[in-house]
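Each remark here refers to the structure printed beneath this line.
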Amino acid sequence: MALQSLDIRARSATTTPLSSVRRGVEVAKLIDISKCIGCKACQSACMEWNDLRDAVGENTGSYDNPQNLTESSWTVMRFFETEPQGRLEWLIRKDGCMHCADPGCLKACPAPGAIVQYANGIVDFHQENCIGCGYCVAGCPFDIPRIAKKDSKAYKCTLCSDRVAVGLEPACIKTCPTGALVFGSKEDMIEHGNGRIADLKERGFQNAGLYDPAGVGGTHVMYVLQHADQPGLYALPNDPKISPLVSLWKGISKPIALAALGLAALGAFFHYIRVGPNEITDEDKESHDTTRPDRAQ
Amino acid sequence: MTQPGLIERNSRADRTNHWLVAITFILLALSGLALFHPALFFLTDLFGGGPWTRILHPFIGAVMFASFAALSLRFWRHNVVNRDDRRWLAQWRDVMNNREDRLPEVGRYNGGQKVLFWVMVACLVLLLLTGIVIWRPYFSPAFPITLVRAALLLHAVSAFVLVLGIIVHVYAAIWVKGTMRAMTRGTVTADWARKHHPGWYRHVTGQRQ
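First to last, the sequence lines map onto chains B and Z. Quick note on my numbering: the first sequence kicks off at 911 and runs consecutively. Quick note on my numbering: the second sequence kicks off at 18 and runs consecutively.
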């Protein structure tokens, strides 16, 4: 048995149930966008703890730096200038893996054990089992996994599974100076979020709400949004779920296709047993053609 | 030289081309199935592990497509479906029960072989196009994610149809005795040709009825 806090609940390319006797506490990170000042301390803490150094980027006229998630940048701040209620708002969202309860990456992955979901809800990539096919990229409804050019392995936020396993909070939480990032049990985080939402509503954000999308079974990274009715303002999908194309491909089609191929081979075998081979009989041979002494076989 | 009593069915070049397609097909089916269903992931060991399977599969696929393209350019003219073929297909029960005497006259290929040929052409084209869209790390990142998802599904579906078609193809060669040598030795017996492909037999022997 491994470290109990790292009990694995789901594992890629595995069709039988995994250890499910113990029911641990599910954790969650809550990102309160209304409290975020875009200082990027979380980005730095992530680089520091996970020992990652992305290439120095270029200024393209926005605060977004780096421009996008990469294999070495597992979280990035995205800045949006919008006027949702007729006045300018500067919305800043910390982007990264949502740690879905029903992870599309894990569903799509063909390599056993390359993607796991711990009992606490964290979805983690194990690069030593990754084959670099990129199916996780197709499976993810949030465009999170990145395949490294260097080693063709998939990378993303681990929710600091190594820290959480020994009772610490993720590095980004530890460093956030405004309390925009909080971490705890999912239950507590929902309660905390609801308090924040009530406060925002009092301040005139009638549509404030929690982003914990049900389409992916809920997530272990949740947002408090000032405008929960318009997740698009933050470049979040309205109703994220695993694409039906991926569900079909990695769902029912797998057992059906395998069974059909097996049945086809079995059907051929029994055709041979019941009907028999189609052979040349003596009747088929041209009786008048006996002049040929050399008929092969 | 063809021995007396034997008729050449597939030239040396045809046979080489066919078996190049067959060998690459087997490698592709094994490596593809390994990534398709977890129960078959162990097949990646045949290719040196998961990453090697992922690396090799598309390159072998490109070889298969190229050699199949050459093969289909050789064979397509013989595979145009005509009215007799449609009747032959409609009488599939007679086919399955070895009642060949009731079937319309068959030329170089029968209706089943012709349909299978065109199914394979369609599958190979689909596999190539979708294969390029999902080929990492080279091409896949250039395509929009919805297209990649659709290509992944379509790649699996067309591979499934192709494998099913090949099961039929291989079984037919086992079932109809004397067929295999057409692709291993290149020749068939005159009796075989007269029984299974009388139209072709008349054509190659120059006989008129």
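Note that the Cβ used here is the ideal one computed from N, Cα and C, for glycine as well.
- Chain Z has a Cβ within less than 8 Å of the Cβ of Thr925/B.
- Non-local beta-carbon contacts of Lys950/B in its own chain, meaning distances under 7 Å to residues more than five positions away in sequence, involve Met987 in chain order.
- Its Cα nearest to that of Leu1069/B, the residue Asp1005/B stands out among Gly1049/B, Pro1051/B, Asp1005/B and Glu968/B.
- Taking all protein chains in view, the Cβ of Gln914/B is surrounded by fewer than 16 other Cβ atoms within 10 Å, so the residue is classified as exposed.
- The C-beta distance from Val1156/B to Gly1049/B rounds to 5 Å, short enough to fall under 8 Å.
- If you look at Leu171/Z, you'll find it in the alpha helix (DSSP H) that goes Ile162 to Trp192.
- Look at Trp109/Z: its C-beta is not under 8 Å from any C-beta on chain B.
- In the displayed model, Met81/Z falls within a helix according to three-state DSSP.
- Going by DSSP, Ala1075/B is part of no beta strand (DSSP E) but of the alpha helix (DSSP H) stretching over Ser1071 to Ala1075.
- Neighbourhood of Glu1189/B in chain Z, by CB distance below 7 Å: Lys194, in chain order.
- Residue-level contact check: Phe53/Z touches chain B, since one or more beta carbons of chain B fall below 8 Å from its beta carbon.
- Non-local beta-carbon contacts of Asp964/B in its own chain, meaning distances under 8 Å to residues more than five positions away in sequence, involve Met957, Pro976, Thr980, Ser982 and Ser983 in chain order.
- Annotation note: the stretch 1047 to 1105 of chain B contains the following uninterrupted alpha helix (DSSP H) runs of length 4 or greater, listed N- to C-terminal: 1071 to 1075 and 1081 to 1085.
- Take Arg211/Z, set aside five residues on each side of it, and the residues of its chain with a beta-carbon closer than 8 Å to its own are Tyr218, in chain order.
- Taking Ser1062/B as reference, the option from Gly22/Z, Thr33/Z, Ile72/Z and Ala39/Z with the minimal CA-CA separation is Ile72/Z.
- Three or more pairs of CB atoms, one per stretch, sit closer than 8 Å, so the stretch 32 to 45 of chain Z contacts the stretch 71 to 91 of chain Z.
- DSSP places Ala938/B in the strand class (E or B) of the three-state scheme.
- Looking at the DSSP output, Cys1010/B sits in a beta bridge with Thr1129/B.
- Three or more beta-carbon pairs separated by less than 8 Å link the stretch 1017 to 1033 of chain B to the stretch 919 to 930 of chain B, which places the two stretches in contact.
- Within the model, the alpha-carbon separation for Asp111/Z versus Asn1188/B is close to 12 Å.
- With respect to chain Z, the C-beta atom of Val1185/B has a partner C-beta closer than 8 Å.
- At a C-beta separation below 9 Å, Tyr1182/B has these neighbours in chain Z: Tyr188, Ile191 and Trp192.
- In this structure, the CA atom of Gly1125/B is about 26 Å from the CA atom of Ser157/Z.
- Pro75/Z has a beta carbon lying at 8 Å or more from every beta carbon in chain B.
- Interface residue (Cβ-Cβ distance to chain Z less than 8 Å): Cys1010/B is not classified as such.
- Under the Cβ criterion of 8 Å, Arg26/Z is not counted among the residues facing chain B.
- As DSSP reads the structure, Phe989/B sits in a beta bridge with Ile1002/B.
- Close CB contacts of Ala1064/B within its chain, under the 6 Å cut and outside five residues either way in sequence, are with Phe1035, Cys1040, Cys1046, Pro1055 and Ile1057 (chain order).
- Val966/B and Val1092/B have their C-alpha atoms roughly 29 Å apart.
- Taking C-alpha positions only, Phe1180/B is separated from Ala1170/B by approximately 15 Å.
- The DSSP assignment places complete alpha helix (DSSP H) segments of no fewer than 4 residues inside the stretch 121 to 157 of chain Z at 128 to 150, in order along the chain.
- For the C-beta of Met137/Z, not a single chain B residue is nearer than 9 Å; the gap to the nearest is close to 16 Å.
- For Ile1162/B, none of the residues of chain Z pass the 8 Å Cβ criterion, the least Cβ distance being about 12 Å.
- Val1156/B has a beta carbon lying within less than 8 Å of a beta carbon in chain Z.
- With respect to the 8 Å criterion, Val123/Z and Gly182/Z are not classified as neighbours on the basis of their beta carbons.
- Neighbours of Leu1176/B across chain Z, judged by C-beta separation under 7 Å, do not exist; the nearest C-beta is about 10 Å away.
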